[in-house]
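Novice:
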Amino acid sequence: MSLPVGHLQALLGSLGRLARNPLATLLTLVVIALALALPASLRLLVTNAQAATGNFGSAIELSVYFKTDVSLAKARQLAEAARGRRDVAQATLISAEQGLEDFRTYSGFGDALAALRENPLPHVLHVRPRVEASSPAALEALRGYFRAWPEVDLVQVDSQWVQRFNGILEVLRELLLMAAGLLGIGVIAVIGNTIRLEIAGRRAEIEVIKLVGGSNAFVRRPFLYIGLLYGLGGALLAWAIIALAIYLLGDSVANLARLYGSRFMLQGPTAGDVGALLVGGAALGWVGAWISAARHLRSIEPRA
Amino acid sequence: MITFEQVSKRYANGRVALENVSFNVHTGEMVFLTGRSGAGKSTVLKLIALLERPTRGSVLVNGKNTRALKPRHIAAFRRRIGVVFQDHKLLADRPVFDNVALPLAVASTPLKEIDKRVRAALDQVGLLGRERSLPQELSVGEQQRVGIARAVVSKPPLLIADEPTGNLDPDLSLEVMRLFRRFQDVGVTVVVATHDLHLVREFGQRVITLENGHLQGGGEPDSLPSFVATR
Numbered sequence: 001m002s003l004p005v006g007h008l009q010a011l012l013g014s015l016g017r018l019a020r021n022p023l024a025t026l027l028t029l030v031v032i033a034l035a036l037a038l039p040a041s042l043r044l045l046v047t048n049a050q051a052a053t054g055n056f057g058s059a060i061e062l063s064v065y066f067k068t069d070v071s072l073a074k075a076r077q078l079a080e081a082a083r084g085r086r087d088v089a090q091a092t093l094i095s096a097e098q099g100l101e102d103f104r105t106y107s108g109f110g111d112a113l114a115a116l117r118e119n120p121l122p123h124v125l126h127v128r129p130r131v132e133a134s135s136p137a138a139l140e141a142l143r144g145y146f147r148a149w150p151e152v153d154l155v156q157v158d159s160q161w162v163q164r165f166n167g168i169l170e171v172l173r174e175l176l177l178m179a180a181g182l183l184g185i186g187v188i189a190v191i192g193n194t195i196r197l198e199i200a201g202r203r204a205e206i207e208v209i210k211l212v213g214g215s216n217a218f219v220r221r222p223f224l225y226i227g228l229l230y231g232l233g234g235a236l237l238a239w240a241i242i243a244l245a246i247y248l249l250g251d252s253v254a255n256l257a258r259l260y261g262s263r264f265m266l267q268g269p270t271a272g273d274v275g276a277l278l279v280g281g282a283a284l285g286w287v288g289a290w291i292s293a294a295r296h297l298r299s300i301e302p303r304a
Numbered sequence: 305m306i307t308f309e310q311v312s313k314r315y316a317n318g319r320v321a322l323e324n325v326s327f328n329v330h331t332g333e334m335v336f337l338t339g340r341s342g343a344g345k346s347t348v349l350k351l352i353a354l355l356e357r358p359t360r361g362s363v364l365v366n367g368k369n370t371r372a373l374k375p376r377h378i379a380a381f382r383r384r385i386g387v388v389f390q391d392h393k394l395l396a397d398r399p400v401f402d403n404v405a406l407p408l409a410v411a412s413t414p415l416k417e418i419d420k421r422v423r424a425a426l427d428q429v430g431l432l433g434r435e436r437s438l439p440q441e442l443s444v445g446e447q448q449r450v451g452i453a454r455a456v457v458s459k460p461p462l463l464i465a466d467e468p469t470g471n472l473d474p475d476l477s478l479e480v481m482r483l484f485r486r487f488q489d490v491g492v493t494v495v496v497a498t499h500d501l502h503l504v505r506e507f508g509q510r511v512i513t514l515e516n517g518h519l520q521g522g523g524e525p526d527s528l529p530s531f532v533a534t535r
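As they're listed, the protein sequences go chains V and F. Using this note's numbering, you'd call the opening residue of the first sequence number 1 and step up by one each time. Using this note's numbering, you'd call the opening residue of the second sequence number 305 and step up by one each time.
#1: To the nearest angstrom, report how far apart alanine 257 of chain V and alanine 235 of chain V are at their CA atoms.
#2: Against chain V, which members of the stretch 388-400 of chain F pass a CB distance test of less than 9 Å?
#3: Taking 8 Å as the cut-off, does the stretch 465-479 of chain F touch the stretch 318-328 of chain F (at least 3 CB pairs, one atom from each stretch)?
#4: If you run the structure through DSSP and keep just helix, strand and coil, what is aspartate 466 of chain F?
#5: Taking DSSP as the reference, what is the three-state secondary structure of histidine 7 of chain V?
#6: Which parts of the stretch 330-361 of chain F are runs of the beta strand (DSSP E), unbroken and 3 residues or longer, counting only runs that do not cross its ends?
#7: So that I know if they touch, is there some Cβ in chain F lying closer than 7 Å to that of glutamate 198 of chain V?
#8: Please classify valine 457 of chain F as buried or exposed, where buried requires at least 16 other C-beta atoms within 10 Å of its C-beta.
#9: So with Cβ pairs under 7 Å, would you call phenylalanine 223 of chain V a contact of chain F?
#10: If the criterion is Cβ atoms closer than 7 Å, does the pair valine 187 of chain V and valine 64 of chain V meet it?
#11: Which partner residues does phenylalanine 308 of chain F have in the DSSP bridge list?
#12: Quick check on the DSSP output: the alpha helix (DSSP H) that includes aspartate 291 of chain F runs from which residue to which?
#13: Name the one or two DSSP bridge partners that proline 129 of chain V has.
#14: Which first and last residues belong to the alpha helix (DSSP H) in which threonine 498 of chain F is found?
#15: Listing by chain order, which chain F residues have their CB less than 7 Å from the CB of isoleucine 209 of chain V?
#16: Can you find the residues in the same chain that come closer than 7 Å, C-beta to C-beta, to histidine 296 of chain V, ignoring five residues on each side of it along the sequence?
#17: Could you check what DSSP says for glutamate 301 of chain V in three-state terms: helix, strand or coil?
#18: At a cut of 8 Å, does the stretch 232-248 of chain V reach the stretch 264-282 of chain V through at least three beta carbon pairs?
#19: At least one CB of chain F closer than 7 Å to the CB of proline 22 of chain V: is that the case?
#20: DSSP three-state label for glutamine 520 of chain F, please.
#21: Taking the alpha helix (DSSP H) that glutamate 80 of chain V falls in, what are its first and last residues?
#22: Determine the closest residue to leucine 472 of chain F out of F/Ala380, F/Leu503, F/Val495 and F/Ile464, with distance taken between C-alpha atoms.
#23: Listing by chain order, which chain V residues have their CB less than 9 Å from the CB of alanine 380 of chain F?
#24: Does DSSP put leucine 266 of chain V in a helix, a strand or coil?
#25: Taking CB distances under 7 Å as the criterion, tell me whether arginine 357 of chain F reaches chain V.
#26: Where DSSP assigns a beta bridge to lysine 515 of chain F, which residues make up the other side?
#27: Flag arginine 383 of chain F as yes if its beta-carbon sits less than 7 Å from any beta-carbon of chain V, otherwise no.
#28: With DSSP as the reference, label phenylalanine 66 of chain V as helix, strand or coil.
#29: Going straight from the alpha carbon of leucine 364 of chain F to that of isoleucine 306 of chain F, what length do you get?
#30: Given a threshold of 16 other Cβ atoms within 10 Å of its Cβ, counted over all protein chains shown, does asparagine 255 of chain V qualify as buried or as exposed?
#31: Do you know how far the Cα of valine 496 of chain F is from the Cα of tryptophan 286 of chain V?
#32: For the 8 Å Cβ check, are there 3 or more pairs between the stretch 383-394 of chain F and the stretch 448-462 of chain F?
#33: Suppose the cutoff is 7 Å on Cβ atoms and the five residues either side in sequence are ignored; what does the same chain contact list for alanine 96 of chain V look like?
#34: Which bits of chain F does proline 269 of chain V rub up against, with CB to CB less than 8 Å?
#35: Leaving out five residues on either side along the sequence, give the residues of the same chain with a beta carbon under 6 Å from the beta carbon of arginine 405 of chain F.
#36: Just to check my reading of the structure: leucine 394 of chain F and glycine 451 of chain F have Cβ atoms closer than 8 Å, yes? What is that Cβ distance to the nearest angstrom?
Encoded structure:
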């Protein structure tokens with residue numbers, strides 16, 4: 001059981017070393033935390049955007065405009081046929097009269113409408129497809145079905161903006177991967193450089209340890225723990241930064257969502273996200289320290 | 305314990321520090337290595353502690369040929385040799401206890417055992433009770449004794465010292481040498497490099513004298529240089 005004790009000592013020794021130089025340690029931690037927080041918040045942005053728009057499937061609607069000479073009874077009959085289809089979740093018929101009434105109430109052009117001699121609006125059928133029939137191909141098929149009716153004048157599909165939005169999310173996701181990769185290399189470089197300085201500052205000590213028979217693994221161990229602690233500490237700080245940002249943004253995002261008639265709330269990182277952040281940060285620290293230690297410790301040999 | 309067979313050492317800068325040097329140090333022996341500065345004393349010790357490797361010839365220590373030793377075995381090899389330096393090479397920011405415990409810590413010794421042996425080593429050099437002092441709070445002689453405690457704490461079979469009394473006054477020097485002899489009494493092989501011939505004379509152990517990288521005399525007691533008095 002001597003090995004774990006040695007590791008524990010190295011870990012505590014490294015912790016003490018970091019604590020003895022709080023300002024330098026803090027500055028390094030902040031740099032690492034910012035480098036980790038950027039890709040982590042990008043990921044949150046993507047997941048939140050997906051959650052906010054998670055009911056897009058049900059938001060897609062086909063508006064079927066009947067020709068103006070189609071009677072209400074005929075329109076009702078066709079609406080019934082639409083409801084019978086398997087890929088249709090809901091079909092709501094807005095009669096020309098009801099449409100005019102709504103327009104008068106909500107548009108503010110009530111007086112102008114009064115001057116019209118006859119109702120210029122057609123009957124409209126709002127069709128909401130089932131979620132599983134929301135793919136572009138399925139929508140196109142449904143659209144073709146309604147267009148084939150001689151009574152129909154025009155079919156509008158409000159799906160293009162959904163596709164565009166998903167495209168934007170896809171770009172963001174790729175950007176996230178790139179940022180994570182680049183900033184990960186940045187974290188390795190920052191920690192590697194910090195370890196290099198640490199090694200240079202403890203040269204005499206390393207020589208003595210090698211002189212009394214310290215193996216390379218023994219000499220390397222405290223530096224690996226310093227790297228690990230920097231990575232882990234940076235990740236914890238990054239988590240704190242993100243939590244603070246979510247707390248500060250929460251109210252305004254909820255307000256914005258309410259304006260869009262949504263009860264969407266900003267979501268924080270899941271336990272899995274936090275776990276990945278902490279493990280990733282610690283791993284980057286360890287790797288950075290390892291690379292640096294392998295490079296710089298080899299050159300230090302004791303001189304008598 | 306130590307065998308030098310026709311050892312030559314040429315440094316990278318071209319300086320030849322040792323040329324064709326052969327001698328033996330037997331287990332349990334205490335040997336003085338003398339000569340002017342630059343004669344090659346330090347090189348001999350560096351070759352023993354594997355801080356350098358011979359250019360030609362072979363150095364056998366503890367039955368191991370230092371030339372054939374793989375890099376990953378160097379640490380274990382050094383753990384069987386206690387080294388004392390003129391400038392003692394203590395870690396200034398660590399208390400006495402940590403400095404002495406270092407050879408045990410690198411050998412993954414359990415903490416309880418470390419505590420016991422560090423105290424025993426400090427007791428042997430007369431510094432028990434100073435565990436928590438920092439090296440600069442001690443006198444030069446005490447610092448040197450901490451260095452000796454560190455060299456013997458892991459009970460190595462071989463103790464080598466490079467000018468251990470170089471910074472000490474005659475009384476302290478004598479004290480340090482007596483300490484080395486006490487370790488020899490319990491079976492440790494001791495090699496002390498020194499140019500203090502008075503001290504060498506006082507102790508009357510075997511002397512190996514180097515001059516310009518060559519061995520003077522045969523290095524055996526019956527061929528001692530005439531100025532060295534035997535007891």
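Ideal Cβ positions, reconstructed from N, Cα and C, are used throughout, including at glycine. In this text, all values refer to a predicted model and were calculated from it rather than measured experimentally.
Specialist: In short:
#1: Translated into the one-based positions of the first sequence, residue 257 of chain V becomes position 257. Translated into the one-based positions of the first sequence, residue 235 of chain V becomes position 235. Each residue's alpha carbon lies about 30 Å from the other.
#2: For chain V, the residues of the stretch 388-400 of chain F that bring a beta carbon within less than 9 Å of one of its beta carbons are Phe389, Lys393, Leu394, Leu395, Ala396, Asp397 and Arg398, in chain order.
#3: A contact between stretches requires three or more CB pairs, one per stretch, nearer than 8 Å, and the stretch 318-328 of chain F fails this requirement with the stretch 465-479 of chain F.
#4: Start at 1 with the first residue of the second sequence, and residue 466 of chain F comes out as number 162. Three-state result, aspartate 466 of chain F: strand.
#5: One-based indexing of the first sequence puts residue 7 of chain V at position 7. If DSSP states are grouped into helix, strand and coil, histidine 7 of chain V belongs with the helices.
#6: Here the runs fully enclosed are 334-338.
#7: Translated into the one-based positions of the first sequence, residue 198 of chain V becomes position 198. Between glutamate 198 of chain V and chain F, the shortest Cβ-Cβ separation is not below 7 Å.
#8: Counting from one through the second sequence, the residue named residue 457 of chain F turns up at place 153. By the neighbour-count rule (16 or more Cβ atoms within 10 Å), valine 457 of chain F is buried.
#9: Taking the first residue of the first sequence as position 1, residue 223 of chain V is located at position 223. Not closer than 7 Å to any Cβ of chain F, the Cβ of phenylalanine 223 of chain V fails to qualify, so no.
#10: Residue mapping note: residue 187 of chain V aligns to position 187 of the first sequence, counting from 1. Residue mapping note: residue 64 of chain V aligns to position 64 of the first sequence, counting from 1. For valine 187 of chain V and valine 64 of chain V, no; Cβs fall outside 7 Å.
#11: Walking along the second sequence from the start, residue 308 of chain F turns up at place 4. Answer is F/Phe327 and F/Val363.
#12: Residue 291 of chain F cannot be examined here, being either before or after the span of chain F that is shown, 305 to 535.
#13: The sequence position of residue 129 of chain V within the first sequence is 129, counting from 1. Under DSSP, proline 129 of chain V takes part in a beta bridge, and its partners are V/Val88.
#14: Taking the first residue of the second sequence as position 1, residue 498 of chain F is located at position 194. It is not in any alpha helix (DSSP H) - threonine 498 of chain F carries neither H nor E in the DSSP assignment.
#15: Locating residue 209 of chain V in the first sequence gives position 209, counting from the first residue. Residues of chain F with a Cβ closer than 7 Å to the Cβ of isoleucine 209 of chain V are, in chain order, Leu406 and Val410.
#16: For this step, residue 296 of chain V is matched to residue 296 along the first sequence. For histidine 296 of chain V, where only same-chain residues beyond five positions count, the Cβ hits under 7 Å are Arg196 and Ile199.
#17: Position 301 of the first sequence, counting from 1, holds the residue named residue 301 of chain V. Shown here, glutamate 301 of chain V sits in coil according to DSSP, grouped into three states, outside any helix or strand.
#18: The stretch 232-248 of chain V is in contact with the stretch 264-282 of chain V.
#19: Indexing the first sequence from 1 puts residue 22 of chain V at position 22. Closer than 7 Å: no.
#20: Taking the second sequence and counting its residues from 1, one reaches residue 520 of chain F at position 216. In this structure, glutamine 520 of chain F counts as strand in the three-state DSSP scheme.
#21: As a working mapping, residue 80 of chain V is identified with position 80 in the first sequence. Segment 72-83, the alpha helix (DSSP H) holding glutamate 80 of chain V.
#22: Within the second sequence, numbered from 1, the residue matching residue 472 of chain F stands at position 168. Ranking F/Ala380, F/Leu503, F/Val495 and F/Ile464 by Cα distance to leucine 472 of chain F puts F/Leu503 first.
#23: The residue given as residue 380 of chain F occupies position 76 in the second sequence. Neighbours of alanine 380 of chain F on chain V, chain order: Gly213 and Ser215.
#24: For the purposes of this step, residue 266 of chain V is taken as the residue at position 266 of the first sequence. Coil at leucine 266 of chain V, not helix or strand.
#25: For the purposes of this step, residue 357 of chain F is identified with residue 53 of the second sequence, where counting begins at 1. Interface annotation, arginine 357 of chain F: not in contact with chain V, CB-CB separation never under 7 Å.
#26: Working through the second sequence from its first residue, we reach residue 515 of chain F at position 211. Looking at the sequence provided, one finds glutamate at residue 515 of chain F rather than lysine. Answer is F/His518.
#27: By one-based count along the second sequence, residue 383 of chain F stands at place 79. For arginine 383 of chain F, the answer is yes, since a Cβ of chain V falls inside 7 Å of its Cβ.
#28: For this step, residue 66 of chain V is matched to residue 66 along the first sequence. Assignment of phenylalanine 66 of chain V by DSSP, reduced to helix, strand and coil, places it in the strand class.
#29: If you number the second sequence from 1, residue 364 of chain F lands on position 60. If you number the second sequence from 1, residue 306 of chain F lands on position 2. If I take the Cα positions, the gap works out to 6 Å.
#30: Indexing the first sequence from 1 puts residue 255 of chain V at position 255. Within 10 angstroms of the beta-carbon of asparagine 255 of chain V lie fewer than 16 other beta-carbons, which makes it exposed.
#31: The sequence position of residue 286 of chain V within the first sequence is 286, counting from 1. The sequence position of residue 496 of chain F within the second sequence is 192, counting from 1. Each residue's alpha carbon lies about 43 Å from the other.
#32: Because the criterion of three Cβ pairs below 8 Å is met, the stretch 383-394 of chain F and the stretch 448-462 of chain F touch.
#33: The residue you call residue 96 of chain V lines up with position 96 of the first sequence. Excluding sequence neighbours, alanine 96 of chain V sits near Asn119, Leu121, Pro122 and His123.
#34: Here residue 269 of chain V is taken as the residue at index 269 of the first sequence, counted from 1. At a C-beta separation below 8 Å, proline 269 of chain V has no neighbours in chain F, since its nearest C-beta there lies roughly 40 Å away.
#35: Counting from one through the second sequence, the residue named residue 405 of chain F turns up at place 101. One point to set straight first is that residue 405 of chain F is alanine, not arginine, in the sequence displayed. Ile418 and Val422.
#36: In the second sequence, residue 394 of chain F corresponds to position 90, counting from 1. In the second sequence, residue 451 of chain F corresponds to position 147, counting from 1. Leucine 394 of chain F to glycine 451 of chain F, Cβ: 6 Å. Contact.
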